[in-house]
Amino acid sequence: ALVMSTPSIANNAYQMAAKLQQQARAIEDKAGAPEAAGLDFTKLVEEAVGGVVDKGRVADDKAVGLVEGKADVVDVVTAIAETEVALETMVAVRDRVISAYEEIMRMPI
Numbered sequence: 002a003l004v005m006s007t008p009s010i011a012n013n014a015y016q017m018a019a020k021l022q023q024q025a026r027a028i029e030d031k032a033g034a035p036e037a038a039g040l041d042f043t044k045l046v047e048e049a050v051g052g053v054v055d056k057g058r059v060a061d062d063k064a065v066g067l068v069e070g071k072a073d074v075v076d077v078v079t080a081i082a083e084t085e086v087a088l089e090t091m092v093a094v095r096d097r098v099i100s101a102y103e104e105i106m107r108m109p110i
């Protein structure tokens, strides 16, 4: 079952990355309207953080279920792996945002 869930984890990561790319393109297209772009970016960040938190809660619930004998070890490992992928994606996005900000700050006025 773990082998079958690994592609699911990868698929979720690819879907999240594709969504982030689509949002980034939308923000670039709206460069003429900074307020609209800012709202979309804020919404994107909120959704990403919410997704990480939700996956963390699921992993916690499954771990408690394992201790109580109500969950399977594979389910717990899968939930933890999904949380880890979501967190790594969030960190990568944060790093890209910081990099873009630093590049903008280096631009001559």
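The numbering used here puts the first residue of the sequence shown at 2, with every later residue one more than the last. Think of the CB as a built atom: it goes at the ideal place given N, C-alpha and C, for glycine as much as any other residue.
Integer Cβ distance of residue i from residue j, believed to fall under 8 Å
{"i": "G57", "j": "T90", "result": "Going by Cβ atoms, the distance from G57 to T90 rounds to 13 Å, so no, they are not a contact pair."}
Spatial distance of residue i from residue j (CA atoms)
{"i": "A72", "j": "V59", "result": "12 Å"}
{"i": "G66", "j": "G52", "result": "21 Å"}
{"i": "M106", "j": "A80", "result": "39 Å"}
{"i": "V86", "j": "D76", "result": "15 Å"}
{"i": "M108", "j": "F42", "result": "22 Å"}
{"i": "Y102", "j": "D55", "result": "28 Å"}
{"i": "V74", "j": "I110", "result": "57 Å"}
Which of helix, strand or coil DSSP assigns to residue i
{"i": "G70", "result": "coil"}
6 Å CB neighbourhood of residue i in its chain, flanking five on each side removed
{"i": "A49", "result": "M91"}
{"i": "L88", "result": "V53"}
Own chain, CB closer than 7 Å to residue i, minus 5 neighbours either side, in chain order
{"i": "A64", "result": "V77"}
{"i": "A93", "result": "none"}
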